[in-house]
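Trainee: I'd like to ask some things about the structure below.
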Amino acid sequence: MKIRMGGETRELRTLWREGSVVKMIDQRGLPHRFEIASSGDHRETADAIRDMVLRGAGAIGVAGGYGMAQAALEAKDLSLGEFEGYLEEAAERLKKTRPTAVNLFHAVDRCLAAALSGSMKERVEKVEAEADAIAEEDLAASKRIGEHGGGLIGDGFGILTHCNAGALAFIDLGTALSPIRFAHTQGKRVHVFVDETRPRCQGARLTAWELQQEGIPYSLIVDNAAGHFMRRGEVDIVIVGADRVAANGDVANKIGTYEKAVVAHENGVPFYVAAPRMTFDMKAETGEGIEIEERSPEEVTGMWGLDDEGRQRWIMIAAEGTPARNPSFDVTPAKYVTGFITEAGILRPPFGESILKAFG
Ligand code: MRU
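The sequence shown: position 261 = 261 (the working numbering), numbered continuously.
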């Protein structure tokens, strides 16, 4: 993605691997502070996923794969039996960080499978190659999603999106934002309504920043305003990402997605979910069994912001001791989804059949 800083433009991925070191854009400081964070071993990579130094289903998946490559390099001088035990433990550690985005589980399992046959040298090389392949697949899928989804966007469209399913949620380009980027590049006039996405404000902090970097017109709106704009006919299409899609088309995504889908349905606005193969979980028959991450109540009772001297500050919104609940994701039933924008094309209902045909 293009990062414009002080008159200079840099082209960067969200995360990348330099041998045993994983580098990533530190998303906690954005949009006010731009920093690259480094992780020197798989434990630090697990911490980075848990602490949301990076976030978004695609980026979490790639980080999981890179963490496994780091673990393989850390264990290369052990016996074969010890190597396998070390990699299994690393896989568990990485998978325990965040429970909802299935990309993480797919990536870690693929790398673990690569670690279980061949000589030590072959095993290490295979794990590294698998981790790098996952990153390249992520980028290729985002590009194809942009091409397929771009055709759904007409000239002059208002587009509503939730959370951040952009370049920062993947290696680059993203899913929900990729068709928007594509349509903009084709010269279509678009206007993006960006939900702020409380409590962590990924829309306000990350999506708005990405669109600003690309020069794509947008308005930041509070989460509660989405229905208002849909009812007034200012939104022609809703495009969101996903953290996990069940085999029947139920979608787990950032908290608030369900409400947007219901309001879109009520107002006859098409509701599309952009997601790569790695986000589909054919083992989950429906959305019922998907684990929903519950994060700290403090994210609800307070928030980060910049003070007038440019310092990042934590501020309290609610009274000290206010009890709060903080589910990070919700499940949107498949009946509210118009279609899935995937690297294999647009999947239409009945989703049980179209998903199985594309990814079964
Ligand atoms: O908690 P986050 O920021 O990791 O949640 C991200 C989202 O919910 C995105 O919408 C989702 O991952 C789809 S884009 C990969």
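Even for Gly, the Cβ is constructed at its ideal location relative to N, Cα and C.
These numbers were taken from a predicted model, which means no experiment stands behind them.
(1) Would you tell me roughly how many angstroms separate the C-alpha atoms of D41 and M68, rounded to the nearest one?
(2) In the structure shown, what three-state DSSP assignment does T161 receive?
(3) So, D223 versus G158, is the Cβ gap smaller than 9 Å?
(4) What residue does the beta strand (DSSP E) around D191 start on, and which one ends it?
(5) What three-state label does DSSP hand G249 in the structure shown?
(6) Under 8 Å, with one C-beta from each stretch per pair, do the segment 283-300 and the segment 57-75 reach the 3-pair mark?
(7) Measure how close the beta-carbons of H162 and K254 come, nearest whole angstrom, since I'm counting them as under 8 Å.
(8) Does the count of Cβ pairs from the segment 289-297 and the segment 244-258 closer than 8 Å reach three?
(9) Out of P349, G156, L168, A48, point me to the one whose CA is closest to H191's CA.
(10) With a threshold of 7 Å on Cβ separation, who are the neighbours of G305 within its own chain once the five nearest residues in sequence on each side are excluded?
(11) Could you tell me how far apart the beta carbons of K95 and F83 are, in whole angstroms, since I believe they sit closer than 8 Å?
(12) For the ligand MRU, is there any heavy atom lying closer than 8 Å to the beta carbon of R123?
(13) What is the DSSP secondary structure of Q186, counted as helix, strand or coil?
(14) What does a CB cutoff of less than 6 Å around A135 pick up in its chain, not counting 5 residues either side in sequence?
(15) Taking 8 Å as the cut-off, does the CB of F170 come closer than this to any heavy atom belonging to the ligand MRU?
(16) Run the proximity test for V190: is its beta-carbon closer than 8 Å to any non-hydrogen atom belonging to the ligand MRU?
(17) Are there 16 or more other CB atoms within 10 angstroms of the CB of D138, so buried, or fewer, so exposed?
(18) Would you list, in sequence order, the uninterrupted beta strand (DSSP E) runs of no fewer than 3 residues that lie entirely inside the segment 107-139?
(19) Report buried or exposed for D195, applying the criterion of at least 16 other Cβ atoms within 10 angstroms of its Cβ.
(20) Whose CA, out of L206, D250, K260, lies closest to the CA of M230?
(21) Beta carbon of M52: closer than 8 Å to some heavy atom of the ligand MRU?
(22) Rounded to the nearest angstrom, what separates G203 and S79 at their Cα positions?
(23) For F83, which of helix, strand or coil comes out of DSSP?
(24) Going by the CB atoms, is the gap between A59 and A169 shorter than 9 Å?
(25) Starting from D223, trace the beta strand (DSSP E) in both directions and tell me its first and last residue.
(26) For G7 and F34, what's the separation of their Cα atoms in angstroms?
(27) I'd like the list of long-range same chain contacts for V263, defined as Cβ closer than 7 Å, with 5 residues on each side in sequence excluded.
(28) Report all residues from its chain with a CB closer than 6 Å to the CB of F359; omit the five preceding and five following residues, and keep chain order.
Mentor: Looking at the atomic coordinates:
(1) Answer to the nearest angstrom: the Cα atoms are 9 Å apart.
(2) Looking at T161 - three-state DSSP - the assignment turns out to be strand.
(3) Cβ atoms of D223 and G158: not closer than 9 Å.
(4) It is worth fixing the name first, because residue 191 is His in this sequence and not Asp. From DSSP, the beta strand (DSSP E) with H191 extends over 190-195.
(5) Judged by DSSP in its simplified three-state form, G249 adopts coil rather than helix or strand.
(6) Too few Cβ pairs lie closer than 8 Å, so no.
(7) About 6 Å separates the two Cβ atoms, so the contact holds.
(8) Short answer: they touch.
(9) Residue G156 is the option with its Cα nearest to H191.
(10) The answer, listed in chain order, is R313, I315.
(11) The beta-carbon separation of K95 and F83, rounded to 19 Å, does not stay under the 8 Å limit for a contact.
(12) Every heavy atom of the ligand MRU is 8 Å or more from the Cβ of R123, so no.
(13) Q186: coil per DSSP, three-state reduction.
(14) Residues of the same chain with a CB within less than 6 Å of the CB of A135, apart from the 5 flanking positions on each side, are V62, I171 in chain order.
(15) Within the cutoff, so yes.
(16) No, the ligand MRU has no heavy atom inside 8 Å of this Cβ.
(17) That one is buried.
(18) Segments of the beta strand (DSSP E) lying fully in the segment 107-139: there are none.
(19) When all chains shown are included, D195 counts as buried.
(20) That would be K260, whose Cα lies nearest to the Cα of M230.
(21) Correct: M52 has its Cβ closer than 8 Å to the ligand MRU.
(22) A direct Cα-Cα distance of roughly 47 Å separates G203 from S79.
(23) The DSSP-derived three-state label of F83 is helix.
(24) Cβ atoms of A169 and A59: closer than 9 Å.
(25) Note, D223: premise wrong, no beta strand (DSSP E); not H, not E.
(26) About 14 Å.
(27) A226, G227, M230.
(28) So the qualifying residues of the chain are R277, F280.
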